[in-house]
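Chemist:
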Amino acid sequence: MDSRRFILAVILMVAVMVVTNLLFPPARPTPGTNAADSAAVDTTVGGTPGSTVPAAGQVSAQPDSQIPGPAAGTRPVTVGSAPAGPVDTVYVESDRYRYGFSTRGGALVHAAMLTHESFTGGENQPVDLADIGGKPLVSYRVTVGDQTVDISRLDFRPEPASGFRVAMDGAQQLRLVHADSAAGFAIDIEYGFVPDAYVIDTHVSVRGIGNRPAKLLIEMGPNIAQSEADSTDDARHRAYVLNPTNSGGLRSVKLPKLQQTTTESGPFSWVALRSKYFVAALLSSSVNPVPFGGVIAQPIRNALGADLTATLLPAADGRFGFRMYVGPQEPDQLEAIGDRFKDVNPFGFSFLRPVLMPLGHALASLLYGMHNLLGISYGWVLIIFGILIRVLLWPLNAKAMRSQMKNMEMQPRIKEIQARYKKEPEKLQKEMLRLYKEEGFNPMGGCLPMLIPFPILLTLYFVFANAIAFRGVEFLWLPDLSQHDPLYILPIVLGVSMFALQWLSSKSAGDQNPQMKIMMYTMPPFMTFIFLRFAAGLNLYYATMNLASIPQQIQIMRERQRLRAAKK
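Numbering (our numbering), first residue to last: 110 to 677.
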């Protein structure tokens with residue numbers, strides 16, 4: 110809803126620019142009177158050998174009773190006795206994270222982001238992405254032939270037993286072992302860590318199954334734990350995202366819109382579950398990668414989430430290898446993954462993404478770079494950025510405003526031609542074009558340069574809606590640049606500055622058109638209302654840019670006054 114309001118606001122602002130510039134425009138005379146692709150491929154990924162599954166990128170929605178799974182006749186395999194030992198959690202920690210793995214199933218049950226504060230828990234409590242009512246964020250099952258091993262029922266022995274802190278000079282590994290000597294069955298889960306990244310290198314080995322085919326089912330969900338002050342806004346951003354290995358773009362499905370169990374046919378190089386600022390993802394291994402064969406998304410109504418199940422075949426060494434990314438959507442971290450992972454949180458409407466995504470990455474990188482280079486708060490970065498944009502656009506704005514003055518100057522000649530040739534459309538068109546050529550005048554020259562800031566404003570709206578760098582950042586009276594101004598000072602300043610710009614423009618225009626007067630008194634209050642709930646950072650940028658425009662507006666006003674005086 111907020112994005113639609115913002116698009117409406119931008120459209121109205123563009124309309125004001127164009128209408129204001131063309132109140133008395135030069136007349137624009139009326140001229141005289143293939144074969145379809147195969148829908149299925151044979152594959153053993155995500156189904157039984159030789160079975161037919163939908164082609165990559167094809168989606169089928171099925172009722173819960175028809176969820177694809179292991180072959181008919183599947184039954185849970187019994188491996189030793191039922192779990193009886195106490196359940197413990199083994200922690201691996203660095204300066205950035207603290208991951209917890211359960212000895213029951215080897216699952217990821219805690220994922221604390223130590224550099225990011227939760228806004229729903231107690232004071233100074235870190236975000237825990239896996240704090241979802243006792244359910245693991247990532248867990249496993251293995252199918253062996255026509256049987257399924259529910260790994261979540263098995264007890265594992267951790268090595269080292271007490272966990273560890275990741276050394277700054279290299280990677281370390283946590284090994285979880287389940288061995289049933291009576292059944293001759295064993296499972297090893299190995300997790301590898303580095304101190305400065307949120308990537309967990311994962312390998313699962315299954316022994317004692319002979320030559321029977323095996324698949325790993327990796328379960329993730331139903332969502333990432335809530336940690337934002339505005340839970341409604343956070344819920345709007347929750348989605349699962351898939352990256353096909355073949356052609357085609359990313360597939361992003363909002364969790365609140367997932368109505369029925371859906372099968373996504375792979376192969377996929379990564380599968381992600383995201384919130385507004387954080388993401389948990391399964392990534393293909395960086396060594397001998399094997400893509401994920403398919404994903405089943407099952408909606409969880411009471412959690413506004415979805416349980417995702419991804420299938421994976423073993424690599425050439427017989428082990429299941431993949432990586433997990435469980436952490437914040439920090440641009441440098443996502444960029445380091447590659448494979449379009451930086452676009453895991455695609456913003457904007459799909460038809461605008463080819464333009465907005467590259468521009469958004471560029472603007473975000475510029476803001477981050479200014480912050481790191483200058484060593485100042487993001488609030489001051491936005492003020493400097495707003496002034497910088499206005500300075501860079503100064504020549505274009507001057508050209509646009511002088512084009513408006515040229516338009517005013519030419520009005521008597523334009524009206525004379527219109528009156529002389531009003532019954533001869535072709536002659537009128539020819540004379541108007543001759544006049545434009547003589548005077549070097551472009552009828553649209555006054556408005557096109559003034560539209561340039563709007564793509565930047567539109568892109569910044571989505572940047573502020575998604576950039577974790579602004580999350581919780583205080584500035585002056587603002588508690589959080591990513592949230593609205595609680596005192597509504599910035600939207601009011603924005604509205605007042607917009608009124609001032611229109612007032613200066615009308616004052617220098619001489620005879621004021623009634624339409625311009627109506628816009629001057631109605632548009633600023635309306636835009637103030639539209640911007641009330643937008644991110645404070647966006648309001649700060651736009652208000653700064655408006656205020657920085659006032660000196661140039663005064664300069665152009667004086668030029669117009671001198672021009673009118675010279676005519677008199």
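From the three backbone atoms N, C-alpha and C, an ideal C-beta is built for every residue, glycine too.
Nothing here was measured: the structure is a model prediction, and the numbers come from that model.
Spatial neighbours of A425 within its chain, please: C-beta separation below 8 Å, excluding the five flanking residues on both sides.
Modeler: Here residue 425 corresponds to residue number 316 of the sequence shown, with the count starting at 1. Same-chain partners within the cutoff: N397.
Chemist: Does the distance from the C-beta atom of F429 to that of V308 stay below 9 Å?
Modeler: Here residue 429 is taken as the residue at index 320 of the sequence shown, counted from 1. Here residue 308 is taken as the residue at index 199 of the sequence shown, counted from 1. In this structure, V308 does not lie closer than 9 Å to F429 by Cβ.
Chemist: Specify, as a first and last residue, the run of the alpha helix (DSSP H) that Y487 falls within.
Modeler: Residue numbering aside, residue 487 sits at position 378 when the sequence shown is read from its first letter. Per DSSP, Y487 belongs to the alpha helix (DSSP H) from Y487 to L501.
Chemist: Comparing C-alpha positions only, which one of I663, I598 and V404 sits nearest to Y651?
Modeler: On the sequence shown, position 542 is the one that residue 651 refers to. It is I598 whose Cα lies nearest to the Cα of Y651.
Chemist: Determine the contact status of H219 and R205, defining contact as a CB-CB distance below 9 Å.
Modeler: The residue given as residue 219 occupies position 110 in the sequence shown. The residue given as residue 205 occupies position 96 in the sequence shown. Result no, Cβ atoms of H219 and R205 do not sit closer than 9 Å.
Chemist: Give the secondary structure of Q611 by DSSP, where H, G and I count as helix, E and B as strand, and everything else as coil.
Modeler: By one-based count along the sequence shown, residue 611 stands at place 502. Q611 falls in the helix class under three-state DSSP.
Chemist: Helix or strand or just coil, what does DSSP make of D237?
Modeler: For the purposes of this step, residue 237 is taken as residue 128 along the sequence shown, with counting starting at 1. The answer is strand: DSSP assigns D237 an E or B state.
Chemist: Excluding the 5 residues preceding and the 5 following V602 in the sequence, name in chain order all residues of the same chain whose CB lies nearer than 6 Å to its CB.
Modeler: The sequence position of residue 602 within the sequence shown is 493, counting from 1. Result list for V602: A652, in chain order.
Chemist: Quick one: grab the DSSP three-state call for L382.
Modeler: Taking the sequence shown and counting its residues from 1, one reaches residue 382 at position 273. Three-state DSSP puts L382 in a strand.
Chemist: Within 10 angstroms of its Cβ, does T224 collect 16 or more other Cβ (buried), or is it exposed?
Modeler: Position 115 of the sequence shown, counting from 1, holds the residue named residue 224. Exposed, since its Cβ has fewer than 16 Cβ neighbours within 10 Å.
Chemist: How many angstroms separate the CA atom of D416 from the CA atom of V605?
Modeler: By 1-based counting over the sequence shown, the position of residue 416 is 307. By 1-based counting over the sequence shown, the position of residue 605 is 496. So the two alpha carbons sit approximately 49 Å from each other.
Chemist: With a threshold of 8 Å, are at least 3 pairs of Cβ atoms found where one atom belongs to the stretch 397-411 and the other to the stretch 438-449?
Modeler: no
Chemist: How about F67 and L461: are their beta carbons less than 9 Å apart?
Modeler: What the structure shows of the chain is the stretch from 110 to 677, and residue 67 is not part of that stretch, so it cannot be assessed.
Chemist: My assumption, with CB atoms under 8 Å, is that V199 sits in contact with L283. Please give the rounded CB distance.
Modeler: Taking the sequence shown and counting its residues from 1, one reaches residue 199 at position 90. Taking the sequence shown and counting its residues from 1, one reaches residue 283 at position 174. That belief holds up - the Cβ atoms of V199 and L283 are roughly 7 Å apart, short of 8 Å.
Chemist: Measuring CA to CA, which of F494, F584, A344 and G254 is closest to G319?
Modeler: The residue you call residue 319 lines up with position 210 of the sequence shown. Here the closest residue by C-alpha is G254.
Chemist: Short check: CB of K244 to CB of P331, under 9 Å?
Modeler: To locate residue 244, count along the sequence shown from 1; it is residue 135. To locate residue 331, count along the sequence shown from 1; it is residue 222. Cβ atoms of K244 and P331: closer than 9 Å.
Chemist: Should A644 and F563 be called a contact, given that it needs their Cβ atoms to be closer than 9 Å?
Modeler: Numbered from its first residue, the sequence shown carries residue 644 at position 535. Numbered from its first residue, the sequence shown carries residue 563 at position 454. Cβ distance not < 9 Å, so A644 and F563 don't count as in contact.
Chemist: Could you tell me the distance, in whole angstroms, from the CA atom of S248 to the CA atom of M329?
Modeler: Residue 248 sits at position 139 when you count from the first residue of the sequence shown. Residue 329 sits at position 220 when you count from the first residue of the sequence shown. So the alpha carbons of these two residues sit roughly 7 Å apart.
Chemist: Over what stretch of residues does the alpha helix (DSSP H) that includes H346 continue unbroken?
Modeler: Start at 1 with the first residue of the sequence shown, and residue 346 comes out as number 237. Segment S340 to H346, the alpha helix (DSSP H) holding H346.
Chemist: May I ask you to report which of helix, strand or coil DSSP gives A580?
Modeler: Counted from its first residue, the sequence shown places residue 580 at position 471. In the sequence as displayed, the identity of residue 580 is Arg instead of Ala. R580 falls in the coil class under three-state DSSP.
Chemist: Go through the stretch 391-479 residue by residue and report every complete run of the alpha helix (DSSP H) that reaches 4 residues or more, in order.
Modeler: 440-446
Chemist: Ordered along the chain, which non-local residues of its own chain (more than five positions away) have a Cβ less than 6 Å from that of K678?
Modeler: With the chain covering only 110 through 677, there is no way to say anything about residue 678.
Chemist: Report the three-state DSSP secondary structure of I669 (helix, strand or coil).
Modeler: The residue labelled residue 669 in the question sits at position 560 within the sequence shown. The sequence shown places Arg at residue 669, rather than the Ile named in the question. Helix at R669.
Chemist: Quick test of your reading: I565 and I639, contact by CB under 8 Å. State the CB separation rounded to the nearest angstrom.
Modeler: Taking the first residue of the sequence shown as 1, we reach residue 565 at position 456. Taking the first residue of the sequence shown as 1, we reach residue 639 at position 530. Contact flag wrong, Cβ pair sits at about 18 Å.
Chemist: If contacts are defined as beta-carbon pairs under 8 Å, then V303 and V388 qualify, I think. What distance do you get, rounded to the angstrom?
Modeler: The residue given as residue 303 occupies position 194 in the sequence shown. The residue given as residue 388 occupies position 279 in the sequence shown. Not really, about 18 Å apart at Cβ, beyond 8 Å.
Chemist: Can you look up S658 in the DSSP assignment and give me helix, strand or coil?
Modeler: What you label residue 658 is simply residue 549 of the sequence shown in a count that begins at 1. If DSSP states are grouped into helix, strand and coil, S658 belongs with the helices.
Chemist: Compare the C-alpha of P195 against each of S203, S211 and V201 and name the closest.
Modeler: One-based indexing of the sequence shown puts residue 195 at position 86. It is S211.
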